[in-house]
Structure formats: C-alpha cells, structure tokens
Amino acid sequence: MILRIDPATAPEAATGQDAWQAFANSQQRAHEFAGCISQPAHASLAAQLAAVLNPAIFGALPPEVIEAIRRHDAGWAGSDLAALERVVEQQPQSFLVFPPKQSVTAWCRSIRQAEACSSLAGSLISRHFCLLAPRDGQLPHLAFLEQESQGRAALEAASSASRDDLDRFTAALGFCDLLSLCLCSGLTGSVRIPLAHPADPASQHAPKVTVWIGGETLRFDQLTIAPNSSVHVDGWVFSAPDVLASHRYNWVTE
Numbered sequence: 231m232i233l234r235i236d237p238a239t240a241p242e243a244a245t246g247q248d249a250w251q252a253f254a255n256s257q258q259r260a261h262e263f264a265g266c267i268s269q270p271a272h273a274s275l276a277a278q279l280a281a282v283l284n285p286a287i288f289g290a291l292p293p294e295v296i297e298a299i300r301r302h303d304a305g306w307a308g309s310d311l312a313a314l315e316r317v318v319e320q321q322p323q324s325f326l327v328f329p330p331k332q333s334v335t336a337w338c339r340s341i342r343q344a345e346a347c348s349s350l351a352g353s354l355i356s357r358h359f360c361l362l363a364p365r366d367g368q369l370p371h372l373a374f375l376e377q378e379s380q381g382r383a384a385l386e387a388a389s390s391a392s393r394d395d396l397d398r399f400t401a402a403l404g405f406c407d408l409l410s411l412c413l414c415s416g417l418t419g420s421v422r423i424p425l426a427h428p429a430d431p432a433s434q435h436a437p438k439v440t441v442w443i444g445g446e447t448l449r450f451d452q453l454t455i456a457p458n459s460s461v462h463v464d465g466w467v468f469s470a471p472d473v474l475a476s477h478r479y480n481w482v483t484e
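The working numbering applies: residue 231 is where the sequence shown begins, and numbers increase by one.
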C-alpha cells in the first residue's frame, strides 16, 4: 500500500530533491495520512505514464512492455485488500515498512503472474525487483536474488528481445514506477528522477529530469511526457475517521 499525505498541508519537496528520498520521507508522515493507493493501482498509473513517454528517452515501448508495467505489482493485491478490510481496526501500512519475507513473497507473486503472460514480462519484472532488493545480507533477500538470477536466464533466452532492449525496457519500468510513486504519495514541489532505473547503480551517472508536481499539474524541465497528457489513479481518501471513500486522482502534463 502507498500512503497518501494531504498535498494541501504537506510541505513541498526541497527543490531538486532526489525523488526516491522524497517519496520515502512521505511514507513516514503517518500523522498526515489522508488516504491510500494500492500497489496494483499505482502500477496502472505507471503504465499510463509509460504509454506517453517521449520515445527519445528509452526508445519505443511495445504494448507487451506497457502491459508488463501495468501488472508489475500484481503480487501485492492480496495484502492490500486485506489492509483495506482491516481499516477500522488498523491504519494501512506503507509497503516500505513490510518485513523482507513479506515483500519477497509479493515480488515472487508478481513475477510468476508476469511469466504467465510472457517470458518478456516475467524477465522485466524479475529484473525490476532484483534491482530493488536490498543488498543487506538478510536471508530472504539473498535467497530471492539467487533464485531469480538463475531462473531469469531461461526466460531471457526464450524472449525475442535483445539484451539492449531488455535494459532499456527495465529502465523505463523503473523510471515510471518511481514517478508514479511520487504522484500517488501526494508529494508537491520538484523532484529529480534519473533517466534510468533508479535502483541501478549506473543511474548515479545517468542524466536526470526535474519534475514539478503542483496539484493536478505536472511539468518537466525537458520533454519527457507528451504535453497535455492526462493520467489518473484510483485510490481512497478518509471521508471520516476509519472510513475510506473511493477517489480518483488526476494529473495533466504541461
């Protein structure tokens, strides 16, 4: 689950702040929790962003890749639904605070569901979560990385995509994932996102784009997403203590 702070009361992100750090900070502001957005809904927003990306950045993205991005967090659906059902007893928790074993279980479910669609989708989602998995020595993370690194070789061999294509598709997934997280969290102000997968060590040397988020408006310091593009995500907002009401959040690019 992604917690959403109230943009009307939350302080703006520091100018040019790293997008991941800004997002992570937003998830720690539980006292300003105003609503939430499920992981699958966030992934749907990421796919909408991918569909309107400037092809000069990551190259053309085939429909199969857009669909993989849309499904990349499907493994979180069960835990997110359970959190919504328990909202009267317990406030939903951000996915960032989940223990490693629970996160790995969701990652694996997402990958296995993607594999059922295509070898390309399975490979991309596996690459994505292997980049995100912390290198912290914890056994669930170590076992996950070993298992996926071994199993993905067969998927990539079965895919018609070249290694270069897989690299750029993975980068596009990571970029759209992080931009979607920032939007879902309710952040306002400007953040910087690398034009690469943010969890890839190589992203430290990649060019970055600055994104200004103001209410329902998005603006970029370079042509990143087609102007006048509309995207949305369906989530929930507290209409009363312990009562969530469905709500659609919308953005338009300048």
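Just so it is clear, CB atoms sit at the ideal spot from N, CA and C, and this is done for glycine as well.
Just so we're clear, the structure is a prediction, and the values are computed from it rather than from any experiment.
If you draw a straight line from the C-alpha of residue 398 to the C-alpha of residue 470, how long is it?
On the sequence shown, residue 398 is found 168 positions in, with the first residue counted as 1. On the sequence shown, residue 470 is found 240 positions in, with the first residue counted as 1. Counting only the Cα atoms, residue 470 lies some 44 Å from residue 398.
Among the candidates 294, 313 and 478, whose CA atom is the shortest distance from the CA of residue 413?
Looking up residue 413 in the sequence shown gives position 183. Considering only alpha carbons, the answer is 478.
Provide the residue(s) that pair with residue 263 in DSSP beta bridges, ordered along the chain.
Working through the sequence shown from its first residue, we reach residue 263 at position 33. Beta-bridge pairing links residue 263 to 235.
Tell me which same chain residues have a C-beta within less than 8 Å of the C-beta of residue 381, skipping the five on either side of it?
Within the sequence shown, the letter at position 151 stands for residue 381. 356, listed in sequence order.
Pull up the CB-CB distance for residue 423 and residue 249, whole angstroms please, since I reckon it's below 8 Å.
Locating residue 423 in the sequence shown gives position 193, where the first residue counts as 1. Locating residue 249 in the sequence shown gives position 19, where the first residue counts as 1. Right, the Cβ-Cβ distance comes to about 4 Å (below 8 Å), so this counts as a contact.
Go ahead and pull the three-state DSSP assignment for residue 427.
Here the question's residue 427 lines up with position 197 in the sequence shown. Residue 427 falls in the coil class under three-state DSSP.
Distance cutoff 8 Å, beta carbons only. Does residue 331 sit that close to anything in chain D?
Absent here is chain D; the protein component of the structure consists of one chain.
To the nearest angstrom, report how far apart residue 340 and residue 366 are at their CA atoms.
For this step, residue 340 is matched to residue 110 along the sequence shown. For this step, residue 366 is matched to residue 136 along the sequence shown. One C-alpha to the other measures close to 22 Å.
For residue 435, count neighbouring C-beta atoms within 10 Å of its own C-beta (all shown protein chains included) and say buried if the count is 16 or more, exposed if not.
As a first step, residue 435 is located in the sequence shown; it is residue number 205 there, counting from the start. Per the 10 Å Cβ criterion, exposed.
In whole angstroms, what is the alpha-carbon distance linking residue 495 and residue 403?
The question about residue 495 has no answer here: the residues shown for the chain are numbered 231 through 484.
Restricting to Cα atoms, I'd like to know which of 329, 263, 385 and 251 is closest to residue 474.
Against the sequence shown, residue 474 aligns to sequence position 244. It is 263.
In terms of residues, what are the limits of the alpha helix (DSSP H) holding residue 371?
As a first step, residue 371 must be located in the sequence shown, where it is residue number 141. That run of the alpha helix (DSSP H) goes 369-388.
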